[in-house]
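Engineer: The opening residue of the sequence shown carries number 1 in the working numbering; numbering runs sequentially from there.
Built from N, CA and C at the ideal position, the CB exists for glycine as well.
Treat the numbers as computed from the prediction; the structure is a model and nothing was measured.
To start, I am sharing the structure in question, which I have written as structure tokens.
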Amino acid sequence: MADPLGGAGRLPAVFMAPGTSSFTDFLSQSAPHLLPGAREGLPAPVTEVAHGTTIVAVTFPGGVIMAGDRRATQGHMIAQRDVEKVHHADDFSCVGYAGTAGVGAELIRLFQVELEHYEKIEGATLSLDAKANRLAAMVKGNLPMALQGLAVVPLFAGYDEDDGIGRIFSYDIAAAKSEERTYESIGSGSVFAKGSLKKRFRADQSQADAVRIAIEALYDAADDDSATGGPDLIRRLYPIVAVVTVDGYRRYGDDEVEPVVSAIIADRSTSAGG
1 MADPLGGAGR LPAVFMAPGT SSFTDFLSQS APHLLPGARE GLPAPVTEVA
51 HGTTIVAVTF PGGVIMAGDR RATQGHMIAQ RDVEKVHHAD DFSCVGYAGT
101 AGVGAELIRL FQVELEHYEK IEGATLSLDA KANRLAAMVK GNLPMALQGL
151 AVVPLFAGYD EDDGIGRIFS YDIAAAKSEE RTYESIGSGS VFAKGSLKKR
201 FRADQSQADA VRIAIEALYD AADDDSATGG PDLIRRLYPI VAVVTVDGYR
251 RYGDDEVEPV VSAIIADRST SAGG
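Structure below.
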């Protein structure tokens, strides 16, 4: 077997040089081919890959909720029913994605390592704005692949420890970042989800209310967008729901999400029957 260290018996020089607090910068020097946007050019735009939607985020006094459906589609087919598109970013933030599933998962993993690397090197965490900017740089790095059909768009949210509020950041494929003060949705079902959130959002809502309207928005998106999966009661597949507050990040368990889903379905069944 070939020696990965080139027979020298020691780490390459790049590992021994004074480092940067950015893991992405370090990777660009030591192994640039591993970056999401560093793939060789493709002969033609790619269409037959799995894509994931829809993600919503909703603020409430003292925090933010993020929720995502579980479906990934490939053309007109359901490629996967239990995809997880909402993830822990660090102790006080979460991130979700819509778009090419493989690239999205890769981007999220790199972002998680980026935040952890900075904290270990600097002995402190980035501000929420700085985290959002780091994510924008990663999205920009994937632009060449996005133009060939492998696009991924993240939704980032977290608790701002300085201001004591939940904040939401959205992006486009060219890494343009914007902050949303109340709610936001991305993915193919986002237009329907936003319409749902617009009707139900209240600035003084409780955390429980925010969870409910986020799940209702996904339900409404699934009703009109075939790429968005609704709650699957038979398989017990429910939306991924996460909350970030002063206490940090927490993902809701299925046993917490199920009663909310059941209540929504019961209310709508009663309305339809009446």
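Does the pairing of the stretch 105–113 with the stretch 135–147 give three or more beta-carbon distances under 8 Å?
Structural biologist: The stretch 105–113, when compared against the stretch 135–147, does touch it at the 8 Å Cβ threshold.
Engineer: Closest to A342 by C-alpha separation, out of D220, L155, S185 and V56, would be which residue?
Structural biologist: The displayed coordinates of the chain run from 1 to 274. Any statement about residue 342 would go beyond what the structure contains.
Engineer: If you count every other CB in all the chains shown that lies within 10 Å of the CB of E84, and 16 or more means buried, which is it?
Structural biologist: Residue 84 sits at position 84 when you count from the first residue of the sequence shown. The residue is exposed, with fewer than 16 neighbouring Cβ atoms inside 10 Å.
Engineer: For V246, which of helix, strand or coil comes out of DSSP?
Structural biologist: Locating residue 246 in the sequence shown gives position 246, where the first residue counts as 1. The answer is coil: DSSP assigns V246 none of H, G, I, E or B.
Engineer: Should the stretch 88–105 be regarded as contacting the stretch 140–153, the criterion being three or more beta carbon pairs within less than 8 Å?
Structural biologist: Contact between the stretch 88–105 and the stretch 140–153 is present, because at least three Cβ pairs lie under 8 Å.
Engineer: Rounded to whole angstroms, what is the Cα-Cα separation between I173 and D69?
Structural biologist: Here residue 173 refers to the residue found at position 173 of the sequence shown. Here residue 69 refers to the residue found at position 69 of the sequence shown. Rounded to whole angstroms, I173 to D69 spans 21 Å at the Cα level.
Engineer: Measuring straight from C-alpha to C-alpha, what distance separates A119 and T125?
Structural biologist: Locating residue 119 in the sequence shown gives position 119, counting from the first residue. Locating residue 125 in the sequence shown gives position 125, counting from the first residue. Note that residue 119 is Glu in the sequence shown here, rather than Ala. One C-alpha to the other measures close to 5 Å.
Engineer: Would DSSP call Q148 helix, strand or coil?
Structural biologist: Working through the sequence shown from its first residue, we reach residue 148 at position 148. Q148 falls in the coil class under three-state DSSP.
Engineer: Below 8 Å CB to CB, which residues in the same chain sit around L143 once its five sequence neighbours on both sides are set aside?
Structural biologist: In the sequence shown, counting from the first residue as 1, residue 143 sits at position 143. Only G37, I173, A174 and A175 meet the Cβ criterion.
Engineer: Taking only runs of the alpha helix (DSSP H) that begin and end inside the stretch 120–191, which ones reach a length of at least 4 residues, in chain order?
Structural biologist: Runs found: 128–141 and 143–146.
Engineer: How many angstroms separate the CA atom of E180 from the CA atom of S170?
Structural biologist: As a first step, residue 180 must be located in the sequence shown, where it is residue number 180. As a first step, residue 170 must be located in the sequence shown, where it is residue number 170. E180 and S170: Cα-Cα distance of roughly 7 Å.
Engineer: What three-state label does DSSP hand V95 in the structure shown?
Structural biologist: Walking along the sequence shown from the start, residue 95 turns up at place 95. Reduced to three states, the DSSP call for V95 is strand.
Engineer: Throw me the rounded Cβ distance for the G331 and Q207 pair, which I believe falls under 8 Å.
Structural biologist: The requested residue 331 does not occur in the structure, where the chain is confined to residues 1 to 274.
Engineer: Going by the beta-carbon positions, is the gap between V260 and I186 smaller than 8 Å?
Structural biologist: Locating residue 260 in the sequence shown gives position 260, where the first residue counts as 1. Locating residue 186 in the sequence shown gives position 186, where the first residue counts as 1. No, these two residues do not count as a Cβ contact at 8 Å.
Engineer: Just mark G6 as buried or exposed, buried being the case when its beta carbon has 16 or more other beta carbons within 10 Å.
Structural biologist: Counting from 1 along the sequence shown, the entry for residue 6 is found at position 6. The pLDDT assigned to G6 is 49, lower than 50, so where the model puts this residue is not dependable; a value taken from the coordinates is nonetheless given after this. By the neighbour-count rule (16 or more Cβ atoms within 10 Å), G6 is not buried but exposed.
Engineer: Can you grab the Cα-Cα spacing for the pair G95 / A89, in whole Å?
Structural biologist: In the sequence shown, the residue the question calls residue 95 occupies position 95. In the sequence shown, the residue the question calls residue 89 occupies position 89. Reading off the sequence shown, one finds Val at residue 95, where the question assumed Gly. Cα to Cα, the separation comes out at about 6 Å.
Engineer: Label V58 either buried or exposed according to how many other C-beta atoms from any shown protein chain fall within 10 Å of its C-beta, with 16 as the threshold for buried.
Structural biologist: Your numbering for residue 58 matches position 58 in the sequence shown. By the 10 Å Cβ count, V58 comes out buried.
Engineer: Identify, in the order they occur along the chain, each residue of the same chain with its Cβ nearer than 6 Å to the Cβ of G166, setting aside the five sequence neighbours on each side.
Structural biologist: Reading the sequence shown from its first residue, position 166 is the one you call residue 166. If we look at G166 and ignore the five residues flanking it on each side, its Cβ neighbours are T59, G63, V64 and Y159.
Engineer: State the Cα-Cα distance for the pair A72 and D254, rounded to the nearest angstrom.
Structural biologist: Residue numbering aside, residue 72 sits at position 72 when the sequence shown is read from its first letter. Residue numbering aside, residue 254 sits at position 254 when the sequence shown is read from its first letter. Rounded to whole angstroms, A72 to D254 spans 19 Å at the Cα level.
Engineer: Determine the DSSP secondary structure at A72, reduced to helix, strand or coil.
Structural biologist: One-based indexing of the sequence shown puts residue 72 at position 72. Correct three-state label for A72: strand.
Engineer: For G63, which beta-bridge partners are listed by DSSP?
Structural biologist: Position 63 of the sequence shown holds residue 63. According to DSSP, which records beta bridges pairwise, G63 is partnered with F60 and T245.
Engineer: Under the rule that 16 or more other beta-carbon atoms within 10 Å means buried, what is T270, buried or exposed?
Structural biologist: Indexing the sequence shown from 1 puts residue 270 at position 270. Per the 10 Å Cβ criterion, exposed.
Engineer: Would D232 and S196 qualify as a contact pair, given that the criterion is a beta-carbon distance under 8 Å?
Structural biologist: Translated into positions along the sequence shown, residue 232 becomes position 232. Translated into positions along the sequence shown, residue 196 becomes position 196. The answer is no: Cβ separation not under 8 Å.
Engineer: Return yes when the Cβ of S21 is within less than 8 Å of the Cβ of I121, no when it is not.
Structural biologist: In the sequence shown, residue 121 corresponds to position 121, counting from 1. In the sequence shown, residue 21 corresponds to position 21, counting from 1. Cβ atoms of I121 and S21: closer than 8 Å.
Engineer: Measuring straight from C-alpha to C-alpha, what distance separates A217 and D162?
Structural biologist: Your numbering for residue 217 matches position 217 in the sequence shown. Your numbering for residue 162 matches position 162 in the sequence shown. Their Cα atoms are separated by approximately 30 Å.
Engineer: Does DSSP classify Q80 as helix, strand or coil?
Structural biologist: For the purposes of this step, residue 80 is taken as the residue at position 80 of the sequence shown. Q80 falls in the strand class under three-state DSSP.
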